[in-house]
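> Note that our numbering gives residue 1437 to position 95 of the first sequence, counting from 1, and the numbers run on in steps of one. Glycine included, each C-beta is placed from N, C-alpha and C at the ideal position.
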Amino acid sequence: MPVEERNFYIRPTLTVAKELLGKYIVRKIGRKKLEGRIIETEAYIGPQDKASHAYKGKVTPRNRAEYLVGGHIYIYLVYGMYWQLNISTAKEGKPECVLIRALDKVAAGPGKVCRYLKLGKSFYGEDLTKSKRIWLEDRSGLPKKIKPSQIKATARIGIDYAGPYWSRRKWRFVLMNKERK
DNA sequence: GTACAGATTGAG
DNA sequence: TCAATCTGTACT
């Protein structure tokens, strides 16, 4: 399913998180393009997920974009200095999203992803299926399609406060090094 | 109103 | 190991 389609995002969040691996983020600034291949994602599935900002169905001015229909950007500031790029998934009203944690070679860490792509609050709620300044592309083609064996599932990072049950869920997905090229 | 901690990072 | 520094939440 092409990444440009809305239906790509309206599927189980864990599926979307895995299928985003290997896709390219394209950021257009004037005549210039910045690009990066997604190699690390994390799934957040509120309201049952204690590590999610939407735990218990909570809605705040900051997290409301998480409730948008799949394919929208949910971006927020952590620790007062770092932006985190998330892509909403599922249907309108369901607070599920995928955090983009790393781009191959150019951004190892969610804060760096946004710094590299020059993303900030102005992208809050941006629609990836319609935007002219940021979108996703699938360049893998059939011969290079990502296989399940190339994806490593691990525990999510930095959410110990959510307790062992949630922090141990293997909802972080990494595209394995030897398979990247 | 005040206090506090967080889906991080880079310097020391 | 720790500080940077904004936002939401839980208090007073």
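Please name the residue, chosen from M1343, E1347, R1353, that lies closest to C1439 on a Cα-to-Cα basis.
R1353
> Of all the alpha helix (DSSP H) runs that stay within the bounds of the stretch 1380-1434, which reach a length of 4 or more residues?
Taken in chain order, the whole alpha helix (DSSP H) runs of length 4 or more contained in the stretch 1380-1434 number zero.
> How many Å lie between R1481 and D1446 at the Cα?
14 Å
> Name the two residues that bound the continuous alpha helix (DSSP H) containing R1457.
1452-1459
> Which first and last residues belong to the alpha helix (DSSP H) in which A1444 is found?
No alpha helix (DSSP H) holds A1444; the beta strand (DSSP E) holding it covers 1438-1445.
> Quick one, which of I1442, H1414, G1435 has its alpha-carbon nearest L1427's?
I1442
> Considering only C-alpha positions, which residue in the set A1444, W1513, K1365 is nearest to A1394?
A quick correction: the sequence has Ser, not Ala, at residue 1394. Taking only the C-alpha atoms, the option nearest S1394 is W1513.
> Roughly how many angstroms separate the alpha carbons of W1508 and K1436, rounded to a whole number?
19 Å
> By the 10 Å Cβ neighbour count, where 16 or more other Cβ atoms means buried, how is S1430 classified, buried or exposed?
buried
> Put W1477 into one of helix, strand or coil per three-state DSSP.
strand
> Does the separation of the CB atoms of R1475 and G1413 fall below 9 Å?
no
> Scan the stretch 1343-1375 and note each continuous alpha helix (DSSP H) run of 4 residues or more that stays entirely inside, going in chain order.
1348-1351, 1355-1361
> Indicate whether L1459 and I1367 have their beta-carbon atoms separated by less than 9 Å.
yes
> If you follow the alpha helix (DSSP H) that P1506 is part of, which residue opens it and which one closes it?
Counting along the chain, P1506 sits inside the alpha helix (DSSP H) bounded by residues 1506-1509.
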